[in-house]
Structures are given as C-alpha cells and as structure tokens.
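Residue numbers (UniProt numbering): 1 to 73.
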C-alpha cells in the first residue's frame, strides 16, 4: 500500500548574537513566516518564542537578542 505524502516544512537557519556576547548558530525558523514586506523580521519573534520555551525548561531567564542573520551569509 502506498504511503500518504507527508507535509514538508522548509526551514531557514539563523545565527543569533545575544546582548551578553554569546552566540547560537543554526536556529530553525519556518520559511513560511519569512518574506513579504517584513523580510526576515518575523524570525526575531519566532526565535524569541523558542528562547522563552527553552528558558521555561531550564529555569534561566531568556537572553536579549542583539542581532539575527541568516546562516551562511
């Protein structure tokens, strides 16, 4: 029997620099959030939401983002 096709999500990878100087590379953001008039700005909100979830699990406060750029640029 043939398998049902699965929905494929495309991701864009971002490098993040935080206010304290630490860096995180290759953070995934759903490509469907990006583009249009806002360009890559929606990635900031998505990454902030990821950081909030991580901070809840770790018990540490989320870090403030200084800059975001696409990985490999």
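Yeah, the Cβ is synthetic: ideal placement off N, Cα and C, and Gly gets one too.
Can you give me the start and stop residues for the beta strand (DSSP E) that residue i sits inside?
{"i": "residue 40", "result": "First-last for residue 40: undefined, no H or E at that position."}
{"i": "residue 70", "result": "65-70"}
{"i": "residue 28", "result": "23-30"}
{"i": "residue 15", "result": "11-18"}
Does DSSP put residue i in a helix, in a strand, or in coil?
{"i": "residue 51", "result": "helix"}
Please report the Cβ distance between residue i and residue j, rounded to the nearest whole angstrom; I am assuming they are in contact, meaning their Cβ atoms lie under 8 Å.
{"i": "residue 70", "j": "residue 12", "result": "6 Å"}
May I have the straight-line CA-CA distance separating residue i from residue j, to the nearest angstrom?
{"i": "residue 19", "j": "residue 47", "result": "15 Å"}
{"i": "residue 40", "j": "residue 30", "result": "11 Å"}
{"i": "residue 68", "j": "residue 45", "result": "11 Å"}
{"i": "residue 58", "j": "residue 28", "result": "19 Å"}
{"i": "residue 54", "j": "residue 61", "result": "9 Å"}
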